[in-house]
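Novice: Provided herewith is a single structure, encoded as C-alpha cells, for subsequent inquiry.
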Amino acid sequence: MAGVQRNPGSNVPPRSPLAVAVRRFRANRLAVSALYVIGALYLVAILAPLLAPYDPSAIDDVLATRYQPPSWTHPFGTDEFGRDLFSRALYGARVSLSIGFLATTIAIGVGTAYGAVAGYFGGAVDDALMRLVDVIIAFPTFFLMLMLIGLFEADIVVLVLILGLTSWTGTARLIRGEILSLKARNFIEGSRAIGLPGALIVVRHLIPNALASVLVTAALMVGGMIGAEAGLSFLGIGIRPPTPSWGNMVSAGQDALLVAWWIAFFPGSLLALTILCFNLLADGLRDALDPKTLMRKYV
Amino acid sequence: MLLSVQALSTHFALDDGLLKAVDDVSFEVEAWETVALVGESGCGKTIAALSIINLVPPPGRIVDGRVLFKGQDLARATHEALRRVRGRSIGFVFQEPGAALNPVYTVGGQIQEVALTHLGLSRHDATRLAVRLIGDVGIAEPERRARMYPFELSGGMRQRAAIAMAVSAEPELLIADEPTTALDVTVQAEIVDLLRHLQDTRRMAILLITHDLGVVAEMARRILVMYTGRIVETAPAGALFRAPRHPYTQGLLGSVLRLGAGRDAPLGGIPGSVPDLLDLPLGCTFHPRCPIADRSCEAAFPPLRPMAERRACACYKVHAN
Numbered sequence: 000m001a002g003v004q005r006n007p008g009s010n011v012p013p014r015s016p017l018a019v020a021v022r023r024f025r026a027n028r029l030a031v032s033a034l035y036v037i038g039a040l041y042l043v044a045i046l047a048p049l050l051a052p053y054d055p056s057a058i059d060d061v062l063a064t065r066y067q068p069p070s071w072t073h074p075f076g077t078d079e080f081g082r083d084l085f086s087r088a089l090y091g092a093r094v095s096l097s098i099g100f101l102a103t104t105i106a107i108g109v110g111t112a113y114g115a116v117a118g119y120f121g122g123a124v125d126d127a128l129m130r131l132v133d134v135i136i137a138f139p140t141f142f143l144m145l146m147l148i149g150l151f152e153a154d155i156v157v158l159v160l161i162l163g164l165t166s167w168t169g170t171a172r173l174i175r176g177e178i179l180s181l182k183a184r185n186f187i188e189g190s191r192a193i194g195l196p197g198a199l200i201v202v203r204h205l206i207p208n209a210l211a212s213v214l215v216t217a218a219l220m221v222g223g224m225i226g227a228e229a230g231l232s233f234l235g236i237g238i239r240p241p242t243p244s245w246g247n248m249v250s251a252g253q254d255a256l257l258v259a260w261w262i263a264f265f266p267g268s269l270l271a272l273t274i275l276c277f278n279l280l281a282d283g284l285r286d287a288l289d290p291k292t293l294m295r296k297y298v
Numbered sequence: 000m001l002l003s004v005q006a007l008s009t010h011f012a013l014d015d016g017l018l019k020a021v022d023d024v025s026f027e028v029e030a031w032e033t034v035a036l037v038g039e040s041g042c043g044k045t046i047a048a049l050s051i052i053n054l055v056p057p058p059g060r061i062v063d064g065r066v067l068f069k070g071q072d073l074a075r076a077t078h079e080a081l082r083r084v085r086g087r088s089i090g091f092v093f094q095e096p097g098a099a100l101n102p103v104y105t106v107g108g109q110i111q112e113v114a115l116t117h118l119g120l121s122r123h124d125a126t127r128l129a130v131r132l133i134g135d136v137g138i139a140e141p142e143r144r145a146r147m148y149p150f151e152l153s154g155g156m157r158q159r160a161a162i163a164m165a166v167s168a169e170p171e172l173l174i175a176d177e178p179t180t181a182l183d184v185t186v187q188a189e190i191v192d193l194l195r196h197l198q199d200t201r202r203m204a205i206l207l208i209t210h211d212l213g214v215v216a217e218m219a220r221r222i223l224v225m226y227t228g229r230i231v232e233t234a235p236a237g238a239l240f241r242a243p244r245h246p247y248t249q250g251l252l253g254s255v256l257r258l259g260a261g262r263d264a265p266l267g268g269i270p271g272s273v274p275d276l277l278d279l280p281l282g283c284t285f286h287p288r289c290p291i292a293d294r295s296c297e298a299a300f301p302p303l304r305p306m307a308e309r310r311a312c313a314c315y316k317v318h319a320n
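Chains as they are written, first to last, in numbering that gives the first Met the number 0: chain V, 0 to 298; chain W, 0 to 320.
Written out as C-alpha cells, the structure is:
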C-alpha cells in the first residue's frame, strides 16, 4: 500500500464530531474566556482555605474593624462584624458554585433519564410520564421550594436536592423530544435490525446523540441554579449566616448599602460575572455543537 | 427450508381506515438462494421485509400468518428471541446508504458492536474482525477507514460498511431492502457484484427487495411480484423474464428501457397509477389498469394458482398450461 495515495485527502486524520466541536469552540474567544473565568472561579473555590487571608467567620474587635472600605489588607473591605469580606467571598464561592454544579447534575441526570425513558418507550408510557411532568410544571416551583425549605432544615445538601429535584422537568421535555426525533432516524431502526438490546440502544445510540442539547442546557442551568441559590439566600431562606454564600452576603450588605457599598457590591459582582460566564459558555457550546453543521464532511 | 412465510398479513390501523400493507402473503426462501421481491413503490415490499424480522413500525402490526425461520415462528417470538435472530441469523441492509450507521461512532466501532453483541468476541478480536470485514466488502485501506465516521465516507462506501455490518455475524439470510436504489449507476453495479460475491463465499440466502428489474435479472433465482400488498406472480427468474404471465408483470417488464431496441420502439407502460391502499378496487386490485380484465375480475381477488415450471399466478384470465 506504500506510495501512491489515490485520495488526496488520505493524510487527513479522521475527525470525530467531538474533535470538530472542540476546534469550533476554541475559535469562539468569548466562550473560551468565559470557560477560563469559570475554571478560575472553581479553582479559587476549591483552594479557598489556602487563599483566604483571614478566617471568614472570625470576629475580633468589632468596633475597630467593622465597615472598613476596600484596602490592601482587606481587598473587599469588612462587614458590620468586621469580618474580612474577601475571605468570605472565597468561602462563599465554594457554597454558591458547588450548589450550582451539584443541583444541575441532579436536574440534568433525572431529566435525561426520565426524558429518555419516555421518548424511547413512547405510547402509553410516554403519555403517563409526560402528563406527570405537566402536573409538576403546573405547580409553581418557587412556592414548592419555599414549602420544602420550610419543612426541612436548609443546609447545603437539602438546598441542592430541592433545587435539583424541582428543575429537571424542562430537561426531561427537551430530551424526550430529542429522543423522539432520533428514534425516527434510520440508524436506530438499523440498530434494532442488528439485534442490539434496548438498553444499549438508549445508552450507546440515543443519549450520545442527544448529548449536545444536554450540555448546552446544563451550562445554562448552572448559572440559573447559582442565581436561584442567591435569591433564596438573599430572602433569608437559603444558606444561613454565618456560613457565607454570595446570596446571603448581598443580603447582609443591603441594609448598609449607602454607607458601606462594598459589602453587597463584591459578592453581587461575582454572582453577575459567574452567571454571565455560564451563559456565554452555553452560547459557545450551542454554536460548537450544532448538529446541523457538525456532521458535514468539510467544516 | 430456511424461511417460510405463510399467509402473512401486516396491517396498519390508521385514522382513515385499515391499511393492508401486506395481505395474505406466502413465499419461501431456501438456503443459499436469492429470491427477489419486486413491485412498484408503495406495494408493501418494505413492510413485508420488516415483518420478517418483526420490526414493523407502529401502528403497523402483524395480524395474521407465520414467519417460520428455521422452524421458529418470528411473528410470535419474544423480544429476546427476536433480538438474537436479528443481526445474528438474519442480516438487514436498508435503502439509504449506511442508514444503519450512527453518526457519532466510527464505522469500525459499529461493526465491532455487532460482533460483541452476537458473537461474544473479545474487544480485540472484534476490532480485528471489523477491519477484516471492511476489507472484505471492498473498501480500500480498511484499517484507516475503520476509524472514520460515517459522514466522512461516500454513499457507496457507507452502503458497503452497512453491508459489512449486516454480514458480520455470518447470517444465513440477508434481507436487502432496495440496497442500490439511492446510489449512482456505477456504484449500483459494484454493490450487486459485492452481494453476489458475499453470497458465494458465505453461502447465505438473500431476499432482495427492489423495483429495479436490472438488479433482479443479475441476481435472483426466483422472483416474487407484489402488487397492492399481495403476491400476484412467482416464477423462476428465467421463466419470468422469458414469459411473464400476469398482466401486471407483463406491464412491468414492458416498461423497462432496453438498449438496442431501436429508437422508435415504444416504451411500454401501465395505464393509470397504483391505487390508494386505503381505497382498493374491489375484486382483483389490478383490474382497472388491466388490458384483459372483464366483469369476472371485479368479484374477488384471484387466488395464487400454481402452474407448470414451479410458477404461480393470481389471475382469472391466465390459465395453467
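Positions of the beta carbon are idealized from the N, C-alpha and C atoms, including for glycine.
Does the Cβ of Ile291(W) have 16 or more other Cβ atoms within 10 Å, making it buried, or fewer, making it exposed?
Specialist: As a first step, residue 291(W) must be located in the second sequence, where it is residue number 292. Classification for Ile291(W): exposed.
Novice: In terms of alpha-carbon separation, which member of Arg229(W), Gly267(W), Gly237(W) and Leu251(W) lies closest to Phe300(W)?
Specialist: Against the second sequence, residue 300(W) aligns to sequence position 301. It is Arg229(W) whose Cα lies nearest to the Cα of Phe300(W).
Novice: In this structure, how does DSSP classify Glu79(W) when only helix, strand and coil are distinguished?
Specialist: Along the second sequence, read from residue 1 onward, the residue named residue 79(W) stands at position 80. Three-state DSSP puts Glu79(W) in a helix.
Novice: In chain order, which continuous runs of the alpha helix (DSSP H) of length 4 or greater are located wholly inside the region 79-160 of chain W?
Specialist: 106-118, 122-135 and 141-145
Novice: Give the straight-line distance between the Cα atoms of Ile178(V) and Leu84(V), rounded to the nearest whole angstrom.
Specialist: Translated into the one-based positions of the first sequence, residue 178(V) becomes position 179. Translated into the one-based positions of the first sequence, residue 84(V) becomes position 85. Ile178(V) and Leu84(V): Cα-Cα distance of roughly 47 Å.
Novice: Any C-beta of chain V within less than 9 Å: which residues of the region 97-114 of chain W qualify?
Specialist: Gly97, Ala98, Ala99, Leu100, Asn101, Pro102, Val103, Tyr104, Thr105, Gln109, Glu112 and Val113
Novice: For a cutoff of 8 Å on Cβ pairs, would you count Asp275(W) as touching chain V?
Specialist: Here residue 275(W) is taken as the residue at index 276 of the second sequence, counted from 1. For Asp275(W), the answer is no, since every Cβ of chain V falls outside 8 Å of its Cβ.
Novice: For Asp78(V), would you say it is in contact with chain W, using Cβ-to-Cβ distances shorter than 8 Å as the test?
Specialist: As a first step, residue 78(V) must be located in the first sequence, where it is residue number 79. False, the Cβ-Cβ gap to chain W never drops below 8 Å.
Novice: To the nearest angstrom, report how far apart Pro16(V) and Val103(W) are at their CA atoms.
Specialist: Counting from 1 along the first sequence, the entry for residue 16(V) is found at position 17. Counting from 1 along the second sequence, the entry for residue 103(W) is found at position 104. Each residue's alpha carbon lies about 6 Å from the other.
Novice: I need the DSSP call for Ala234(W), collapsed to helix, strand or coil.
Specialist: Along the second sequence, read from residue 1 onward, the residue named residue 234(W) stands at position 235. Strand at Ala234(W).
Novice: Please check if any C-beta of chain V sits within less than 8 Å of the C-beta of Ile52(W).
Specialist: As a working mapping, residue 52(W) is identified with position 53 in the second sequence. Judged by the 8 Å Cβ criterion, Ile52(W) is in contact with chain V.
Novice: For His210(W), which residues in chain V fall below 9 Å Cβ to Cβ?
Specialist: Here residue 210(W) refers to the residue found at position 211 when the second sequence is read from its first residue. Under the 9 Å cutoff, chain V gives no residues; its nearest Cβ is about 19 Å from His210(W).
Novice: If contact is defined by three or more beta carbon pairs under 8 Å, each pair taking one atom from either stretch, is the region 212-224 of chain V in contact with the region 177-191 of chain W?
Specialist: By the Cβ criterion, the region 177-191 of chain W is not in contact with the region 212-224 of chain V, since fewer than three pairs of Cβ atoms, one from each stretch, lie closer than 8 Å.
Novice: Would Ser212(V) count as contacting chain W if we go by Cβ distances under 8 Å?
Specialist: Residue numbering aside, residue 212(V) sits at position 213 when the first sequence is read from its first letter. Taking Cβ atoms only, chain W never reaches closer than 8 Å to Ser212(V), which makes this a no.
Novice: Looking at Glu32(W): is its Cβ nearer than 8 Å to the Cβ of Ala204(W)?
Specialist: Counting from 1 along the second sequence, the entry for residue 32(W) is found at position 33. Counting from 1 along the second sequence, the entry for residue 204(W) is found at position 205. Yes; because the gap between Cβ atoms is below 8 Å, this pair is in contact.
Novice: Relative to the alpha-carbon of Val221(V), which residue among Pro55(V), Ala44(V), Ile37(V) and Arg23(V) has its alpha-carbon at the smallest distance?
Specialist: Position 222 of the first sequence, counted from the start, is the residue given in the question as residue 221(V). When each option's Cα is compared against that of Val221(V), the closest is Ile37(V).
Novice: If you measure between the beta carbons of Ser50(W) and Val21(W), is that distance less than 8 Å?
Specialist: The count along the second sequence starts at 1 and reaches residue 50(W) at position 51. The count along the second sequence starts at 1 and reaches residue 21(W) at position 22. In contact: Ser50(W) and Val21(W) (Cβ atoms closer than 8 Å).
Novice: By DSSP's criteria, Phe26(W) is part of a beta bridge. Which residues make up the other side?
Specialist: Here residue 26(W) refers to the residue found at position 27 when the second sequence is read from its first residue. Phe26(W) pairs with Val4(W).
Novice: Output, in chain order, the set of chain V residues within a Cβ distance shorter than 8 Å of Met218(W).
Specialist: As a position in the second sequence, residue 218(W) is number 219, starting the count at 1. The premise fails here: Met218(W) is roughly 21 Å from chain V at the closest Cβ pair, so nothing lies under 8 Å.
Novice: Where do the N-terminal and C-terminal ends of the alpha helix (DSSP H) with Leu272(V) fall, by residue?
Specialist: On the first sequence, position 273 is the one that residue 272(V) refers to. Trp261 to Ala287 is the span of the alpha helix (DSSP H), which, as asked, contains Leu272(V).
Novice: Quick one: is Gly194(V) near chain W, going by C-beta distance under 8 Å?
Specialist: Within the first sequence, residue 194(V) is the residue found at index 195, counting from 1. Answer yes: the Cβ-Cβ gap between Gly194(V) and chain W drops below 8 Å somewhere.
Novice: Short of 8 Å Cβ to Cβ, which residues in the region 117-131 of chain W face chain V?
Specialist: From the region 117-131 of chain W, only His117 have a Cβ closer than 8 Å to chain V.
Novice: To the nearest angstrom, report how far apart Phe331(V) and Ile136(V) are at their CA atoms.
Specialist: An answer regarding residue 331(V) cannot be provided, because it is not within the stretch 0 to 298 covered by chain V.
Novice: Under 9 Å Cβ-Cβ, which residues of chain V neighbour Met164(W)?
Specialist: Numbered from its first residue, the second sequence carries residue 164(W) at position 165. Taking a Cβ-Cβ threshold of 9 Å, the residues of chain V close to Met164(W) are Gly189 and Ile193, in chain order.
Novice: Please decide whether Pro139(V) counts as near chain W, where near means a Cβ-Cβ distance under 8 Å.
Specialist: Translated into positions along the first sequence, residue 139(V) becomes position 140. No - not a single Cβ of chain W is within 8 Å of the one on Pro139(V).
Novice: Looking at chain V, which residues of the region 141-152 of chain W have a Cβ within less than 7 Å of any of its Cβ atoms?
Specialist: Answer in chain order: Arg146, Met147, Tyr148, Phe150 and Glu151.
Novice: When you compare the region 29-46 of chain V with the region 274-287 of chain V, are there three or more beta-carbon pairs, one atom per stretch, that lie closer than 8 Å?
Specialist: yes
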